[in-house]
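Trainee:
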Amino acid sequence: MHVDWALLVKYFQERCSEEELIRINQWKNSNPEHQRFFEEMNEVWQKTGELHSEHFVNKEAGWKKLSDKLSLETVSSSGRKLRISYFMRWAAVFVLLVSLTFVARNLFTKPQNKSSLLSIITGNEKRDIVMSDSSVVTLNKYSHIEYPKDFDATSRTVNLKGTAFFSVTHYPERPFIVTMLGCAVKVMGTSFYLNSDSVSHNVTLIVTSGKVRFYSVSKKDSFVEVVKDEKAVYEADKGIIVKENRFEQNEIVWKTGNFMFEEETLQRVCHILSSYYSENVTIADSSLREFRITASFQDQGLTKIIEAIETTLDIKATKEGRNIVLSLKK
Amino acid sequence: MDKLPPDKFILDSLRKNDVNVFKQLFDFYYSGLVRYAIRLVNKPEVAEEIVLDVFERLWSRREELQITVSFSSYLYSSVRYRCINYFKSKIQSFVFEDDILTLDQVSESTPHEELVYKDLEEALINSISELPEQCRIIFNLSRNSGLSNAEIAKELGLAPKTIENQMTIALRKIREFLQKNWYVLFSISLWGYFIFHLT
Numbered sequence: 019m020h021v022d023w024a025l026l027v028k029y030f031q032e033r034c035s036e037e038e039l040i041r042i043n044q045w046k047n048s049n050p051e052h053q054r055f056f057e058e059m060n061e062v063w064q065k066t067g068e069l070h071s072e073h074f075v076n077k078e079a080g081w082k083k084l085s086d087k088l089s090l091e092t093v094s095s096s097g098r099k100l101r102i103s104y105f106m107r108w109a110a111v112f113v114l115l116v117s118l119t120f121v122a123r124n125l126f127t128k129p130q131n132k133s134s135l136l137s138i139i140t141g142n143e144k145r146d147i148v149m150s151d152s153s154v155v156t157l158n159k160y161s162h163i164e165y166p167k168d169f170d171a172t173s174r175t176v177n178l179k180g181t182a183f184f185s186v187t188h189y190p191e192r193p194f195i196v197t198m199l200g201c202a203v204k205v206m207g208t209s210f211y212l213n214s215d216s217v218s219h220n221v222t223l224i225v226t227s228g229k230v231r232f233y234s235v236s237k238k239d240s241f242v243e244v245v246k247d248e249k250a251v252y253e254a255d256k257g258i259i260v261k262e263n264r265f266e267q268n269e270i271v272w273k274t275g276n277f278m279f280e281e282e283t284l285q286r287v288c289h290i291l292s293s294y295y296s297e298n299v300t301i302a303d304s305s306l307r308e309f310r311i312t313a314s315f316q317d318q319g320l321t322k323i324i325e326a327i328e329t330t331l332d333i334k335a336t337k338e339g340r341n342i343v344l345s346l347k348k
Numbered sequence: 038m039d040k041l042p043p044d045k046f047i048l049d050s051l052r053k054n055d056v057n058v059f060k061q062l063f064d065f066y067y068s069g070l071v072r073y074a075i076r077l078v079n080k081p082e083v084a085e086e087i088v089l090d091v092f093e094r095l096w097s098r099r100e101e102l103q104i105t106v107s108f109s110s111y112l113y114s115s116v117r118y119r120c121i122n123y124f125k126s127k128i129q130s131f132v133f134e135d136d137i138l139t140l141d142q143v144s145e146s147t148p149h150e151e152l153v154y155k156d157l158e159e160a161l162i163n164s165i166s167e168l169p170e171q172c173r174i175i176f177n178l179s180r181n182s183g184l185s186n187a188e189i190a191k192e193l194g195l196a197p198k199t200i201e202n203q204m205t206i207a208l209r210k211i212r213e214f215l216q217k218n219w220y221v222l223f224s225i226s227l228w229g230y231f232i233f234h235l236t
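Residue numbers (this note's numbering), protein chains in the order written: chain Y, 19 to 348; chain X, 38 to 236.
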């Protein structure tokens, strides 16, 4: 088959004269093989203009780099800051003491270690951690992570208890591995959530971009591949990994600040809100439990959410200290 | 997060050193700009570096900044300009294979490992990165920057004919790579061919 490549490129670049257009059409129609070839190349040409659209970009690491270079600091709104500063102070002192203890313990017990191991435990606060490879970890409240101050050249391994969101910088030659009790996650560069339950030791994985390998430590070579928007659970008692097709937005609300309720019962809504905020939301009248709510709240305080629920369901909320009680209007 | 304030407001806020608005601007455009730059330079690290540079410069020049178009076109054209600058330094030293007849000899001297890619996108990304550097730069610019052959030639200080020849070489090499490494595309169309003839 003779192909005039220069003419083909000219055609794709839309630079053909009338006469050349006729030539290309004649060539195309003279033989089904030509026709097929032409269609393949057309697809190839179109595709080359829209590559990398799924490439995972580590925005948080990028911002960290930029703000470090320019010494920038974002400020959160002052009202909120004042309200929680009391807790923040105690939490910070607590975290500092605990991490110092761990760092000190690691320093003294493992003096031979090449790179010192850092250990961070959060109290009643979340925390962003940037690691030496610019990967960013958001550690949820009451969680614990251990990682080397400097990763070595061949792999990056960290250990997690509790809940965290990982945004991992892409280094194909240095896999990033998160180990937990009984199982581990291995990635090249992507972002995902992990949550290990302190009672059952089950581990929940939710992937928000890219692809990760999830495996149980006892069976390292048989892994489950989990991709964007998928969820998988490691069942500790059976030692197996079960994949689920979808996850609930509310499972990652601690990071996104985005609540989504779809035909959710009031009882369940109260449960979700209580686990996220430090206030305890309860229902006084049992008839209210099965009321259903469909709503989404982005970055709104608990007061606003409660107000919205009051208006939608036409009920009353009473606040006593850390308790919020929902009841029927008298 | 999914909507930005008007450009005028952003510009004013930047002048007032509002880091939060700068962060908003960054969050909104960063991923898109990086993907755009990767399409041009083919290397994620270089692309990120270029985009971060553009933002750094935007911040340090925020006081004298005049944006006559929109932030979107300002940022995208800054990134494109920087990618072209990045190429310029490299392209001076190239010797071009302008003669298309040399193509077959060149490709035969580089034996490929037999790989099978899952999807066309992956195979294409790899086939493009296998192109000789000068050829790849021109191909990427032409396919992704929105510049015409004449404009690319002018930017890189080359003859328009060179751009056309390099584009032709690029397409032939990509096709060759796909044939060797990615049989699915061709086998699918073979099926199509049979079905077409049976009906």
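Note that beta-carbon positions come from the ideal geometry of N, C-alpha and C, so glycine has one too. These numbers were taken from a predicted model, which means no experiment stands behind them.
From the beta carbon of residue 191/X, is the nearest beta carbon of chain Y less than 8 Å away?
Mentor: no
Trainee: Residue 68/X touches chain Y at which residues, Cβ-Cβ below 7 Å?
Mentor: 75 and 77
Trainee: Out of 217/Y, 312/Y, 111/Y and 212/Y, which one is the CA nearest neighbour of residue 226/Y?
Mentor: 212/Y
Trainee: Going along the chain, which unbroken runs of the alpha helix (DSSP H) with 4 or more residues stay wholly within the region 21-59 of chain Y?
Mentor: The region 21-59 of chain Y contains these whole alpha helix (DSSP H) runs: 23-30 and 36-47.
Trainee: Given the structure, does residue 71/X come close to the ligand NAD, in the sense that its CB is under 7 Å from one of the ligand's heavy atoms?
Mentor: The model depicted lacks the ligand NAD and carries no ligand whatsoever.
Trainee: Take every Cβ of the region 320-328 of chain Y, pair it with every Cβ of the region 289-302 of chain Y, and state whether three or more of those distances are shorter than 8 Å.
Mentor: yes
Trainee: Identify the contact partners of residue 70/Y in chain X, using a Cβ-Cβ distance below 8 Å as the criterion.
Mentor: 72, 75, 76 and 162
Trainee: Less than 8 Å between the C-beta atoms of residue 138/Y and residue 118/Y, yes or no?
Mentor: no
Trainee: Tell me whether residue 67/Y is buried or exposed, calling it buried when 16 or more other Cβ atoms sit within 10 Å of its Cβ.
Mentor: exposed
Trainee: With distances taken from CA atoms, which of 80/Y, 200/Y and 79/Y is nearest residue 254/Y?
Mentor: 200/Y
Trainee: Indicate whether at least one CB of chain Y lies closer than 8 Å to the CB of residue 42/X.
Mentor: no
Trainee: Residue 23/Y and residue 208/X: beta carbons closer than 8 Å?
Mentor: Here residue 23/Y is near residue 208/X, since their CB atoms are less than 8 Å apart.
Trainee: Could you give the residue range of the alpha helix (DSSP H) that holds residue 329/Y?
Mentor: From DSSP, the alpha helix (DSSP H) with residue 329/Y extends over 320-331.
Trainee: What residues in the region 166-190 of chain X have a beta carbon less than 9 Å from any beta carbon of chain Y?
Mentor: 176, 177, 179, 180, 181, 185 and 186
Trainee: Out of 74/X, 104/X and 165/X, point me to the one whose CA is closest to residue 90/X's CA.
Mentor: 74/X
Trainee: Excluding five sequence neighbours on each side, which residues of the same chain lie with their C-beta closer than 7 Å to the C-beta of residue 280/Y?
Mentor: Excluding positions up to five away in sequence, the list reads 312.
Trainee: For residue 245/Y versus residue 223/Y, is the C-beta distance shorter than 8 Å?
Mentor: no
Trainee: Please check if any C-beta of chain X sits within less than 8 Å of the C-beta of residue 24/Y.
Mentor: yes
Trainee: How would you list, in chain order, the residues of chain X whose beta-carbon sits under 7 Å from the beta-carbon of residue 91/Y?
Mentor: 56
Trainee: Hey, residue 175/Y and residue 152/Y: beta-carbon distance below 8 Å or not?
Mentor: no
Trainee: At which residue ranges does the region 227-306 of chain Y contain complete beta strand (DSSP E) runs of 3 or more residues, listed in the order of the chain?
Mentor: Those beta strand (DSSP E) runs which fall completely within the region 227-306 of chain Y and span 3+ residues are 229-234, 242-245, 249-253, 258-262, 276-283 and 298-301.
Trainee: Opposite residue 211/Y in the DSSP bridges: which residues?
Mentor: DSSP output for residue 211/Y lists 183/Y and 224/Y as bridge partner(s).
Trainee: Between the region 204-219 of chain X and chain Y, which residues of the former have CB atoms less than 9 Å from a CB of the latter, in chain order?
Mentor: Taking a C-beta cut-off of 9 Å against chain Y, the contacting residues of the region 204-219 of chain X are 204, 205, 206, 207, 208, 209, 211, 212 and 215, listed in chain order.
Trainee: Straight-line CA distance for residue 266/Y to residue 168/Y?
Mentor: Cα to Cα, residue 266/Y sits roughly 35 Å from residue 168/Y.
Trainee: Chain X partners of residue 83/Y, CB-CB under 8 Å?
Mentor: 89
Trainee: For residue 331/Y, I'd like the list of residues in its chain whose CB is within less than 6 Å of its CB, leaving aside the five on either flank, ordered along the chain.
Mentor: 309
Trainee: Could you have a look at residue 205/X and say whether DSSP puts it in helix, strand or coil?
Mentor: It is helical.
Trainee: Would you say residue 88/Y reaches chain C, if we count a Cβ-Cβ gap shorter than 8 Å as a contact?
Mentor: Annotation note: the requested chain C is absent from the structure, which comprises protein chains Y and X.
Trainee: DSSP on residue 341/Y, reduced to helix/strand/coil?
Mentor: strand
Trainee: Run down chain X in chain order and give the residues with a C-beta less than 7 Å from the C-beta of residue 385/Y.
Mentor: With chain Y represented from 19 up to 348, any question about residue 385/Y goes unanswered, as that position is not in the structure.
Trainee: Give me whichever residues DSSP pairs with residue 201/Y in a beta bridge.
Mentor: 198/Y and 234/Y
Trainee: Exposed or buried, residue 209/Y, counting other C-beta atoms within 10 Å across all chains shown (16 or more means buried)?
Mentor: Under this definition residue 209/Y is a buried residue.
Trainee: Does DSSP put residue 166/Y in a helix, a strand or coil?
Mentor: strand
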